[in-house]
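So the protein lines, in turn, are chains G and E.
Just so we're aligned: 192 in my numbering is position 150 of the first sequence, and the numbers increase by one with no gaps anywhere.
Just so we're aligned: 6 in my numbering is position 5 of the second sequence, and the numbers increase by one with no gaps anywhere.
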Amino acid sequence: MSQRTARRAVRVALFLACLVPLGALLADAVGGRLGADPIRATELRTGIWGLTTLVASLAITPLRRLTGWNVLGGYRRMLGLFAFTYITLHFLTWFGVDQFFAITYIGRDIVKRPYITVGFASYLLMIPLAITSRAAMVRRLGKRWATLHSLVYVAALGGIVHFVWEVKADLGRPTLYALVLVALLLLRFVPRRTPRPAARQAPRPAAG
Amino acid sequence: MLIRRAPDIPSSEITPESLYLNRRSFMAAASIAAVNVAWPAARLLRRARRDGDKPNSFQDITHYNNYYEFGTGKEDPAGNAGSLRTRPWKVEVAGEVAKPGHYDLDDLLRGQTIEERIYRHRCVEAWSMVIPWNGFPLRNLIERFQPTSRARFVEFTTLYDPSQMPGQKSDVLPWPYVEGLRMDEAMHPLTLVVTGLYGRPLPNQSGAPLRIHVPWKYGFKSGKSLVRIRFVEAQPANTWNVTAPKEYGFYANVNPNVDHPRWSQARERRIGEFFRRPTLMFNGYGDQVASLYAGMDLRRWF
Numbered sequence: 043m044s045q046r047t048a049r050r051a052v053r054v055a056l057f058l059a060c061l062v063p064l065g066a067l068l069a070d071a072v073g074g075r076l077g078a079d080p081i082r083a084t085e086l087r088t089g090i091w092g093l094t095t096l097v098a099s100l101a102i103t104p105l106r107r108l109t110g111w112n113v114l115g116g117y118r119r120m121l122g123l124f125a126f127t128y129i130t131l132h133f134l135t136w137f138g139v140d141q142f143f144a145i146t147y148i149g150r151d152i153v154k155r156p157y158i159t160v161g162f163a164s165y166l167l168m169i170p171l172a173i174t175s176r177a178a179m180v181r182r183l184g185k186r187w188a189t190l191h192s193l194v195y196v197a198a199l200g201g202i203v204h205f206v207w208e209v210k211a212d213l214g215r216p217t218l219y220a221l222v223l224v225a226l227l228l229l230r231f232v233p234r235r236t237p238r239p240a241a242r243q244a245p246r247p248a249a250g
Numbered sequence: 002m003l004i005r006r007a008p009d010i011p012s013s014e015i016t017p018e019s020l021y022l023n024r025r026s027f028m029a030a031a032s033i034a035a036v037n038v039a040w041p042a043a044r045l046l047r048r049a050r051r052d053g054d055k056p057n058s059f060q061d062i063t064h065y066n067n068y069y070e071f072g073t074g075k076e077d078p079a080g081n082a083g084s085l086r087t088r089p090w091k092v093e094v095a096g097e098v099a100k101p102g103h104y105d106l107d108d109l110l111r112g113q114t115i116e117e118r119i120y121r122h123r124c125v126e127a128w129s130m131v132i133p134w135n136g137f138p139l140r141n142l143i144e145r146f147q148p149t150s151r152a153r154f155v156e157f158t159t160l161y162d163p164s165q166m167p168g169q170k171s172d173v174l175p176w177p178y179v180e181g182l183r184m185d186e187a188m189h190p191l192t193l194v195v196t197g198l199y200g201r202p203l204p205n206q207s208g209a210p211l212r213i214h215v216p217w218k219y220g221f222k223s224g225k226s227l228v229r230i231r232f233v234e235a236q237p238a239n240t241w242n243v244t245a246p247k248e249y250g251f252y253a254n255v256n257p258n259v260d261h262p263r264w265s266q267a268r269e270r271r272i273g274e275f276f277r278r279p280t281l282m283f284n285g286y287g288d289q290v291a292s293l294y295a296g297m298d299l300r301r302w303f
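Printed below as a string of structure tokens:
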């Protein structure tokens, strides 16, 4: 199997793996296995998977740097877009199903309830990131792309704060996400391995 | 055993369990579909909307529980409460009473007339259920112990035994769980000692073998699996108030006008229904209980 086929196989496998939580959710919904409050269960699950895929996408770059496997970088966008998809489902379930478009209540909650304010703001923050995720946009924005996309850390942090402020007493799960995020953030400050490989700095052969 | 029915909700309003189960799976599927096609789905769901106070199914009542002694997930208690041994069971009666002691459960229940009471149950998390309890007024029990004039409050303590209650191995709450009522609240005819549900013995995850239910207060006020009832002069320190004093008070009366600091209490989701419904003052029991709080600032005494 060529390296290219292998990469494509991994890509397809990852794509399918990211769809598993959604498939399980739909299957459980149809099978009536979402418990007594299916709306709440849907919100909880889409939120958890949005946060999980978001944190996973943030793990790619540190992992690439630590292992030197540059091939990993190719999966970052997919994970990020899955995170956006799950958070969009999370938001729409809240907006359109749980609150059923009750704009007055929704507006009041966004303004008055800090956990909703933070969650909503973090979601808004993800929209430009999703829009500018295409390769053409990466090229067009150049250096500014990296600056813009560092906002993903803010969105992830916001998502975790949203989670912490929503739970009543059991902080176990949000704490776990927070620890992983902090670890990933710290890893970004580990300097890249220097010096660069000698080959890239080799002087060009003199014109003869 | 004589079963007397309270006039709150007529039996004609009770829907068979099977209908509820059908409706629930329908709504579960619809809630997902609505993510994409919310408006057309909503038209269908509007038809599925139910009004009034029809009891929730036995399945929903016993598989959607906040009982952190058995885990913090809503279905954890149903899965973990099997390890609780409800016989033999003793309840300590202590404090300002003429007849303190360690009473066997059977002694406590002897002579009590078990009746069915269909109560609305409103959780502080903004969801609610309708539950057909079996039990008897707490006052019938309290009178037997003859509290003295110094008894101004009653304190209820839940069992502490991590070997039977695996959730107590984690310190999400300071164990044991303690709740309390003012004496006049405890003596109110609506305040119920619960021993059963849907005519069956109380399931462990619902607070077996003995719990109370105070229908005009948020659910956390109603202590479960009680091992001690103590009559005291000073207001008891109730667990959620100790854990987060700005969020949970001692009174915890259902009140749509006083929000939880982090979420609104104006509306609630009745389990099994699609649309949120407005929350009623004192959970709809204002006619019977509002006088208990005459002159009190309910914003301050939340």
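Beta carbons are placed, not taken as given, at the ideal position from N, Cα and C, and that holds for glycine.
Rounded straight-line distance, which links the Cα of residue j to that of residue i
i	j	result
V232 (chain G)	G161 (chain G)	29 Å
F303 (chain E)	M297 (chain E)	10 Å
L56 (chain G)	E248 (chain E)	43 Å
P89 (chain E)	M188 (chain E)	27 Å
R242 (chain G)	L193 (chain G)	With a pLDDT of 49 at R242 (chain G), under the threshold of 50, the modelled position of this residue cannot be trusted; read the value that follows with caution. The straight-line gap from Cα to Cα measures roughly 31 Å.
A101 (chain G)	R107 (chain G)	10 Å
L45 (chain E)	F275 (chain E)	Caution applies to L45 (chain E), whose pLDDT of 45 falls short of 50 and renders its modelled position unreliable; the value that the coordinates give is listed next. Computed Cα separation, rounded: 11 Å.
I81 (chain G)	G273 (chain E)	10 Å
R95 (chain E)	T192 (chain E)	Looking at the sequence provided, one finds Ala at residue 95 (chain E) rather than Arg. For A95 (chain E) and T192 (chain E), the distance between alpha carbons rounds to 20 Å.
N66 (chain E)	T159 (chain E)	16 Å
D140 (chain G)	G53 (chain E)	20 Å
L106 (chain E)	A211 (chain G)	32 Å
E186 (chain E)	Q289 (chain E)	11 Å
G110 (chain G)	L227 (chain G)	18 Å
L110 (chain E)	L203 (chain E)	14 Å
R49 (chain G)	A177 (chain G)	18 Å
V54 (chain G)	A172 (chain G)	20 Å
L229 (chain G)	S99 (chain G)	14 Å
A268 (chain E)	G89 (chain G)	The sequence shown places Arg at residue 268 (chain E), not Ala. Approximately 22 Å, taken between the alpha carbons.
L221 (chain G)	R301 (chain E)	37 Å
L299 (chain E)	V224 (chain G)	42 Å
T103 (chain G)	T94 (chain G)	16 Å
Contacts of residue i in chain G (Cβ-Cβ under 7 Å)
i	result
V173 (chain E)	A211, D212
F303 (chain E)	Those within 7 Å of F303 (chain E) in chain G number zero; the least Cβ separation is about 16 Å.
Residue j beta carbon less than 8 Å from that of residue i
i	j	result
R270 (chain E)	D79 (chain G)	yes
C60 (chain G)	F133 (chain G)	no
R183 (chain E)	F221 (chain E)	no
N205 (chain E)	T87 (chain E)	yes
S226 (chain E)	A209 (chain E)	yes
H204 (chain G)	S164 (chain G)	yes
G136 (chain E)	I115 (chain E)	yes
F137 (chain G)	M168 (chain G)	no
V333 (chain E)	A291 (chain E)	Examination of residue 333 (chain E) is not possible in this model, given that chain E is present from 2 through 303 alone.
N242 (chain E)	G250 (chain E)	yes
L293 (chain E)	I213 (chain E)	no
T84 (chain G)	L67 (chain G)	yes
H307 (chain E)	G77 (chain G)	Residue 307 (chain E) is absent from the model: chain E starts at 2 and stops at 303.
R118 (chain E)	W128 (chain E)	no
T159 (chain G)	I152 (chain G)	yes
I129 (chain G)	G92 (chain G)	yes
W187 (chain G)	V180 (chain G)	yes
Y161 (chain E)	W176 (chain E)	yes
S175 (chain G)	R119 (chain G)	yes
P56 (chain E)	V131 (chain E)	yes
T280 (chain E)	L174 (chain E)	no
CB-CB length for residue i against residue j, believed under 8 Å
i	j	result
V92 (chain E)	R229 (chain E)	7 Å
R123 (chain E)	N284 (chain E)	5 Å
A198 (chain G)	L121 (chain G)	Not confirmed; about 12 Å, so no contact.
L180 (chain E)	T240 (chain E)	According to the sequence provided, residue 180 (chain E) is Glu. The question's Leu does not apply to it. That pair is a contact at about 7 Å.
V125 (chain E)	Y219 (chain E)	4 Å
M166 (chain E)	E70 (chain E)	4 Å
V215 (chain E)	L142 (chain E)	Not confirmed; about 14 Å, so no contact.
F157 (chain E)	G80 (chain E)	Incorrect: roughly 25 Å between the Cβ atoms, too far for contact.
Residue i: contacting residues in chain G (beta-carbon distance under 8 Å)
i	result
T244 (chain E)	A211
F276 (chain E)	F142
Where residue i meets chain E, residues with beta-carbon distance less than 9 Å
i	result
A78 (chain G)	R25, N57, S58, Q60, D61, I62, H64, Y65, K75, E76, W128, M130, I272, G273
W207 (chain G)	R263
Per-residue contacts from residue i into chain E (C-beta, under 7 Å)
i	result
R155 (chain G)	R263, W264
query = Which ranges would you report for the alpha helix (DSSP H) in the stretch 180–242 of chain E if only whole runs of at least 4 residues count?
reply = DSSP runs (the alpha helix (DSSP H)) wholly in the stretch 180–242 of chain E: 184–187.
task = Any chance you could list the beta strand (DSSP E) runs of at least 3 consecutive residues sitting entirely within the stretch 263–294 of chain E, in chain order?
result = List check, beta strand (DSSP E) in window: 268–271.
request  = Please specify which runs of the alpha helix (DSSP H), each continuous and at least 4 residues long, are wholly inside the stretch 44–106 of chain E, giving them in chain order.
outcome  = Those alpha helix (DSSP H) runs which fall completely within the stretch 44–106 of chain E and span 4+ residues are 59–63, 77–81.
query = Which parts of the stretch 137–208 of chain G are runs of the alpha helix (DSSP H), unbroken and 4 residues or longer, counting only runs that do not cross its ends?
reply = DSSP runs (the alpha helix (DSSP H)) wholly in the stretch 137–208 of chain G: 145–154, 156–173, 177–183, 185–191, 193–208.
request  = Pick out the complete alpha helix (DSSP H) segments inside the stretch 69–119 of chain G, 4 residues or longer, and give them in chain order.
outcome  = Runs found: 80–109.
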